[in-house]
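Chains as they are written, first to last, in full-length UniProt numbering: chain R, 1 to 413; chain V, 1 to 413.
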């Protein structure tokens, strides 16, 4: 009986403790005990105001609350409302739309988009390539679908993007599998805040072109842009160079309303495909439409209707952009405060270009994180360091945190 | 180039025309051309009023619209808000809760629940058992996950539940696979409206007990109760006999807010597990929580908060139940009108016990459906007959439709 199990073998696996959730719980207990102003809770991956309250964009919720009951109640079409897909593509690329054939399907947030990419563009047992600093749920999504994660080094010796490691890993994977799905989280990488520069993008593109010369290779580059809307608009420039790639290079981009519209809980995103080959995009749309029907049916219509309304009305759209800009600015100030302080106290950080998180490399992150709890500082320990969510912490606390972290690291040396 | 493809082999399949969608489009065109009152559109699987407008429960939307922006914006926990799961279990079983260990995870509607059952309780290549009249998306969900559908005969010679065919098919499947997932859509089966009677349930239970005597067999009975809330409360009685089953029989039940709360487009449901064995339910919760994180992350919080509010406030709950009762009554009257007329004109129907659909057995349903378009009658052709959505058609039209269908069938004999 000890080993009796009803689940299929592939679903039986050791249950991992949810580190982020565990640390959040500890922070909540500390808030109750010592008061919010006396603790630094950097575990939450959402934009919070200085009092720790979730930021919601008034301009977006005004649109949502103005929808009719019917607009909310009705099923959306399986692939998403066509106008929503159009808006999602526009919202993603803005004026940096790559040349080529482009289409999309609605998904529950960016996670659903990743699921479709993994399922439809890799085979059981395949390895999926991402950088050695990566968002932990990639692992869960891979393992759920009987895939594995392989990694390249994110940084070279100058803490720039390690293109050499990227190329070697991709090349190895292609020799092995003849197909490779790359999960590239940029700009504003979670957890480090790294963004590929224009020149890094150009060189990465060259690698893709080079490795696609072998026509048997199939390369699918999935660009996870979850934090794009909190970057400067110029950060979209790289999209332009994604056109005109060989037919055996497919570009996938995830759109999400979670962060950019503070619609986290409404579960609305899209998977967007870009290819120089019309048939590749037709196939993309078909397989993902099948996946929608076969996994969760259709998406949250209220969120789709909201995006459509925003994009139909220039005034509303401008209000949303203006409101987002305010919070983008706050986020920037928090990050700058953290980085300045870190620099002053000599705390080494991963190079941060934007987004919700800053990472601090460390070999024994769990120990540091646990000891920091005693100081009422709550950070998330990752395999390669600590993650500090500047999105969730006030400027003042962003200023004081680096010293506390540095002192703890020094004391445990 | 003709066969060039970027998708993985398992995702490449012939694209099937969406019959229901195609027929709906034709109906919409006809409405524009000839006016709503002159057409009978029985293709829509949602409750519509007599003017063809989607019914939304005011009492439910009042709760939704009263939620704070934060309640809507925040991520829900991965497995769903614990209180939501509690409410979903209560809403499903009411006072017919089976004995045993029970838990659940939030899913996007009933579809998401089916996905988790298929993925976690069958292996690649497995056959999944359902009746030969079945909801077409079962096929899509099975094929998406590299599973197949096997069927037993729904009816015996008296048009009662064919328990013998059920037992034979299940027994064969168990010999072959040692595990079997059964998708049993009752009460108010889609597309026929069939519901297993109490005595049929008792005998089905005996079959499960008998076939589970071989301890190597694992039987997972998934009860798809999508239309439960439009049945009489007594239709929940069968839940009581699902307790006390052997440990190698797992009961799964899908909860959905789509029909019972007119929250179709908000994508909120749950997969509920019932077992006499605590460890089986613990495992169920763990594998499904992993699946949530690995597929779509978390669920629509606004819907969860709404259900919680309804169940916290007895007055609100009573208002929702009262409003639902009105529409349940309308649905009943429509079905009765259709059945009466069918009987008068000699149109044979599948035995209807409740729900949104009535089916008319026919060997050449596509031809009949296509010819009926010329008469401005829009029905969905299925493999084994025509599906008429009484949920979407007024009493008057339900009265006139059977004659039109019968005449068409006779004229094409």
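Beta carbons are placed, not taken as given, at the ideal position from N, Cα and C, and that holds for glycine.
Contact belief for residue i with residue j at Cβ below 8 Å, rounded distance in angstroms
{"i": "residue 401 of chain R", "j": "residue 131 of chain R", "result": "No, residue 401 of chain R and residue 131 of chain R are not in contact; Cβ-Cβ is about 25 Å, not under 8 Å."}
{"i": "residue 264 of chain V", "j": "residue 303 of chain R", "result": "Actually they are not in contact, since the Cβ atoms of residue 264 of chain V and residue 303 of chain R sit about 14 Å apart, beyond 8 Å."}
{"i": "residue 207 of chain R", "j": "residue 173 of chain R", "result": "Wrong, their Cβ atoms sit about 12 Å apart, outside the cutoff."}
{"i": "residue 63 of chain V", "j": "residue 225 of chain V", "result": "At roughly 22 Å, the Cβ-Cβ gap does not stay under 8 Å, so residue 63 of chain V and residue 225 of chain V are not in contact."}
{"i": "residue 406 of chain V", "j": "residue 347 of chain V", "result": "4 Å"}
Cβ of residue i within 8 Å of any chain V Cβ
{"i": "residue 178 of chain R", "result": "no"}
{"i": "residue 263 of chain R", "result": "yes"}
{"i": "residue 112 of chain R", "result": "yes"}
{"i": "residue 26 of chain R", "result": "no"}
{"i": "residue 101 of chain R", "result": "no"}
{"i": "residue 383 of chain R", "result": "no"}
{"i": "residue 4 of chain R", "result": "yes"}
{"i": "residue 145 of chain R", "result": "yes"}
{"i": "residue 295 of chain R", "result": "yes"}
{"i": "residue 313 of chain R", "result": "no"}
{"i": "residue 267 of chain R", "result": "yes"}
{"i": "residue 386 of chain R", "result": "no"}
Proximity of residue i and residue j at Cβ, strictly below 8 Å
{"i": "residue 220 of chain V", "j": "residue 170 of chain V", "result": "no"}
{"i": "residue 389 of chain R", "j": "residue 39 of chain R", "result": "no"}
{"i": "residue 283 of chain R", "j": "residue 7 of chain V", "result": "yes"}
{"i": "residue 241 of chain V", "j": "residue 296 of chain V", "result": "no"}
{"i": "residue 181 of chain V", "j": "residue 107 of chain V", "result": "no"}
{"i": "residue 420 of chain V", "j": "residue 216 of chain V", "result": "Because residue 420 of chain V is not part of the residues shown, which for chain V are 1 to 413, the question remains open."}
{"i": "residue 227 of chain V", "j": "residue 355 of chain V", "result": "yes"}
{"i": "residue 72 of chain V", "j": "residue 270 of chain V", "result": "no"}
{"i": "residue 366 of chain V", "j": "residue 81 of chain V", "result": "no"}
{"i": "residue 292 of chain V", "j": "residue 105 of chain V", "result": "yes"}
{"i": "residue 149 of chain R", "j": "residue 128 of chain R", "result": "yes"}
{"i": "residue 368 of chain V", "j": "residue 408 of chain V", "result": "yes"}
{"i": "residue 281 of chain R", "j": "residue 103 of chain R", "result": "yes"}
{"i": "residue 352 of chain R", "j": "residue 337 of chain R", "result": "no"}
{"i": "residue 101 of chain V", "j": "residue 275 of chain V", "result": "yes"}
{"i": "residue 391 of chain V", "j": "residue 47 of chain V", "result": "yes"}
{"i": "residue 404 of chain V", "j": "residue 375 of chain V", "result": "yes"}
{"i": "residue 13 of chain V", "j": "residue 111 of chain V", "result": "no"}
Candidates the options: closest to residue i by CA position
{"i": "residue 387 of chain R", "options": "R/360, R/376, R/411 and R/336", "result": "R/360"}
{"i": "residue 313 of chain R", "options": "R/60, R/209 and R/180", "result": "R/60"}
{"i": "residue 239 of chain V", "options": "V/97, V/147 and V/245", "result": "V/97"}
{"i": "residue 287 of chain V", "options": "V/120, V/357, V/325 and V/21", "result": "V/120"}
{"i": "residue 233 of chain V", "options": "V/328, V/210, V/305 and V/368", "result": "V/328"}
{"i": "residue 26 of chain V", "options": "V/405, V/267, V/382 and V/373", "result": "V/373"}
{"i": "residue 261 of chain V", "options": "V/236, V/325 and V/237", "result": "V/325"}
{"i": "residue 94 of chain V", "options": "V/236, V/10 and V/168", "result": "V/236"}
{"i": "residue 294 of chain R", "options": "V/311, V/158, V/137 and V/156", "result": "V/137"}
{"i": "residue 146 of chain V", "options": "V/154, V/125 and V/394", "result": "V/125"}
{"i": "residue 20 of chain R", "options": "V/37, V/78, V/4 and V/292", "result": "V/78"}
{"i": "residue 290 of chain R", "options": "V/276, V/4, V/15 and V/109", "result": "V/15"}
{"i": "residue 198 of chain V", "options": "V/140, V/410 and V/160", "result": "V/160"}
{"i": "residue 109 of chain R", "options": "R/300, R/50 and R/275", "result": "R/300"}
{"i": "residue 268 of chain R", "options": "R/188, R/274, R/275 and R/258", "result": "R/258"}
{"i": "residue 158 of chain V", "options": "V/399, V/349, V/404 and V/363", "result": "V/349"}
{"i": "residue 395 of chain R", "options": "R/205, R/49, R/410 and R/11", "result": "R/49"}
Short CB-CB distance (under 8 Å) between residue i and chain R
{"i": "residue 299 of chain V", "result": "yes"}
{"i": "residue 141 of chain V", "result": "yes"}
{"i": "residue 109 of chain V", "result": "yes"}
{"i": "residue 256 of chain V", "result": "no"}
{"i": "residue 185 of chain V", "result": "no"}
{"i": "residue 347 of chain V", "result": "no"}
{"i": "residue 15 of chain V", "result": "yes"}
{"i": "residue 203 of chain V", "result": "no"}
{"i": "residue 69 of chain V", "result": "yes"}
{"i": "residue 115 of chain V", "result": "yes"}
{"i": "residue 33 of chain V", "result": "no"}
(message) By the 8 Å beta-carbon criterion, what residues does the stretch 40-65 of chain R contribute toward chain V?
(response) In summary, the residues of the stretch 40-65 of chain R whose CB is separated from some CB of chain V by less than 8 Å are 46, 53, 54, 56, 58, 61, 64 and 65, in the order they occur in the chain.
(request) Scan the stretch 71-88 of chain R for residues whose Cβ lies nearer than 7 Å to a Cβ of chain V and list them as they occur along the chain. (result) The residues in question are 72, 73, 74, 75 and 76.
(message) Along the stretch 274-293 of chain R, where does the CB come closer than 8 Å to a CB of chain V? Name the residues.
(response) Residues are counted here when their Cβ sits less than 8 Å from a Cβ of chain V; for the stretch 274-293 of chain R these are 275, 277, 279, 280, 283, 284, 286, 287, 290, 291 and 293, given in chain order.
(request) Using a Cβ-Cβ cut-off of less than 8 Å, list which residues of the stretch 209-240 of chain V approach chain R; keep chain order. (result) Listed in sequence order: 218 and 220.
(request) May I ask you to list, following chain order, the residues of the stretch 123-140 of chain V that have a beta carbon less than 8 Å from some beta carbon of chain R? (result) The stretch 123-140 of chain V vs chain R, Cβ under 8 Å: 123, 124, 137 and 140.
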